[in-house]
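Student: Residue numbers (the numbering used here): 6 to 403. Note that CB positions come from ideal geometry on N, CA and C, so glycine has one too. The structure presented is a predicted model; accordingly, all values stated were derived computationally and were not measured. If you scroll down you'll find the structure; I have some questions about it.
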Amino acid sequence: MEVKRDTLRACFIGQVLSFLLAITGTTSGVLASSGINAPTTQSFFNYCLLAVTCSIIHWWCTTQHHHSHPNNGTAQPLQTACGNTKFRLSEYIPFKLSNKWYIYLILAILDVEGNFLVTKAYQYTSVTSVTLLDCTTIPAVMILSLIVFRSSYLPGHIIGALLCTAGLGVLVLTDSSSETGGRNPVLGDLLVIAGAAVYAVCNIVQEKLLSDKTSRWELLAMIGVFGSLISGVQAVALERDAWQGAAWNMQTMGAMIGFALSLYLFYVLVPSVLILGSSTVLNLSLLTSDLWAVGSRVVFFGGFGGTAWAFAIALSAEAVGLVLYAWSGETHRHADKQQLERPWSTLNRMSDIEAEDFISTERFHKGEAYHAEQQESTALLSNVAISSSEPDDNASSK
């Protein structure tokens, strides 16, 4: 029951993410209608927010933990396999990474370019094609989960995923009667499929890092650092003309800020879904962003091309599909759900790795004490033996 509750919680958080994603789509529409087409620039501000805020949180948690466990003010040596000792410099370096830096660089490249490929596809194919083909992320994630996590899918998982996808299909197809096919549909469709594959790999890598006990704040901070560098260079190279021709006013500035904040909150909450659920739960939940987008179109852009019955069918299918998927249980075990119970509590408790180091240190010092005690006992016995042999030696000499 606990497993199902966790997955249902993941689905609920997924709907918050879906709503935030719809806000980013709405604000992007406002910017596009104002003649500002600079998606990489928009993402750049989100990465900067992640880099600054998550780095501060990660640094704060690490330094506070160091003060909570000062090891009597000195660094404790640990015994290596060769019997030598070394100092744990990570006790004094807040940004000692738990993974190689290039792993975060690759992850940031995947994240930035996945967004770029899908956004670029809108210039060549229809919105319907982009929305439907973007669903290929779901089977891609499920296949990768089979390979990486050895996931086991029950019939309920498969039927739930199909219901969610079918609900989206009904919604999109009833809203596509008035749109054109785009200037190069084949190229656009290939870009969407490539972007969906990149999204799938990115989600699986994040889930794998989190399941290996990587701090969510370290993960987000490093995505922000490398993502801001990559998107900044790419924006300067590709979107300078968009900046120069943009009509900046209160509306466009507000839309830019709204996009950055919504995407920032989206990124911060994604690890929660990956920890409680999985990459598949995340992508199934995000399908409902189109339902939220329909609502925003009714409010801000004057209507929806489909009908009320199509909207009702889509909503029902996606809701039933998500509940069925969640009720079927976990597809694989996650290693660190405790992260959600202690988003700030690295201030007050040790991580598993640090605990192992602490235990190893204690064992080492206990071993040193035991070894010293053994040496002292041996020396004492030797002295006793020497003392007892001295009378015999004196007697024999006489």
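#1: Measure the alpha-carbon distance for Leu137 versus Ile28 and round it to whole angstroms.
#2: In chain order, which alpha helix (DSSP H) runs of at least 4 residues are fully inside the stretch 125-204?
#3: Mind reading off the beta-carbon distance from Ala319 to Gly172? Whole number of angstroms is fine, and I expect it under 8 Å.
#4: Can the beta-carbon of Thr46 be found less than 9 Å from the beta-carbon of Ala247?
#5: Quick one: measure Cβ to Cβ for Ser277 and Ile18, integer angstroms, because I've assumed they're closer than 8 Å.
#6: Measure the C-alpha to C-alpha separation of Trp349 and Cys66 and round it to an integer number of angstroms.
#7: Can you tell me the Cα-Cα spacing of Pro190 and Asn51, whole angstroms?
#8: Pick out whichever of Thr285, Cys53, Leu270, Phe264 has its Cα sitting closest to the Cα of Phe154.
#9: Roughly how many angstroms separate the alpha carbons of Ser103 and Leu55, rounded to a whole number?
#10: For Tyr107, does the count of other Cβ atoms within 10 angstroms reach 16, so buried, or fall short, so exposed?
#11: What do you reckon, are the CB atoms on Gly193 and Ser131 nearer than 9 Å?
#12: Give the C-beta separation of Val146 and Ile209 to the nearest angstrom, bearing in mind that I take them to be a contact with Cβ-Cβ under 8 Å.
#13: Taking the alpha-carbon positions, what's the Tyr204 to Thr68 distance?
#14: What is the DSSP secondary structure of Ser290, reduced to helix, strand or coil?
#15: Look at the Cβ atom of Ser283, then the Cβ atom of Glu335, and state whether they are nearer than 9 Å.
#16: Which residues in the same chain as Leu22 place their Cβ atom closer than 6 Å to its Cβ, once the five residues preceding and following it in sequence are excluded?
#17: Hey, Ser33 and Val117: beta-carbon distance below 9 Å or not?
#18: Taking only three categories from DSSP, how would you classify Ala252?
#19: Going by DSSP in three states, Leu270 sits in which element: helix, strand or coil?
#20: Tell me, to the nearest whole angstrom, how far the beta carbon of Ala113 is from that of Gly40; I am working on the premise that it is less than 8 Å.
#21: What's the gap between the Cα of Thr12 and the Cα of Gly326?
#22: Within the continuous alpha helix (DSSP H) that includes Ser5, where are the two ends?
#23: Please list, in chain order, all residues of the same chain as Cys140 whose beta carbon is under 6 Å from its beta carbon, the five residues on each side excluded.
#24: Pick from Ala199, Ala166, Leu115: whose alpha carbon is nearest that of Gln211?
#25: Near Asn42, what residues of its chain come up, given a Cβ to Cβ distance below 6 Å and the 5 sequence neighbours on each side ignored?
Tutor: Reading off the structure:
#1: 19 Å
#2: Counting only runs that start and end inside the stretch 125-204, the alpha helix (DSSP H) elements of at least 4 residues fall at 132-138, 142-153, 160-178.
#3: 4 Å
#4: yes
#5: 5 Å
#6: The pLDDT assigned to Trp349 is 40, lower than 50, so where the model puts this residue is not dependable; a value taken from the coordinates is nonetheless given after this. Distance between the alpha carbons of Trp349 and Cys66: 7 Å.
#7: 30 Å
#8: Thr285
#9: Annotation: Ser103 to Leu55 spans about 18 Å, alpha carbon to alpha carbon.
#10: exposed
#11: yes
#12: Rounded, the Cβ-Cβ distance is 7 Å, consistent with contact.
#13: Taking the CA atoms as reference points, Tyr204 sits about 34 Å from Thr68.
#14: Reduced to three states, the DSSP call for Ser290 is helix.
#15: yes
#16: Phe271, Leu274
#17: no
#18: coil
#19: helix
#20: Ala113 to Gly40, Cβ: 29 Å. No contact.
#21: The straight-line gap from Cα to Cα measures roughly 13 Å.
#22: The structure shown does not extend to residue 5, since the chain is modelled only from 6 through 403, so no value can be given for it.
#23: Thr170
#24: Leu115
#25: Ala247
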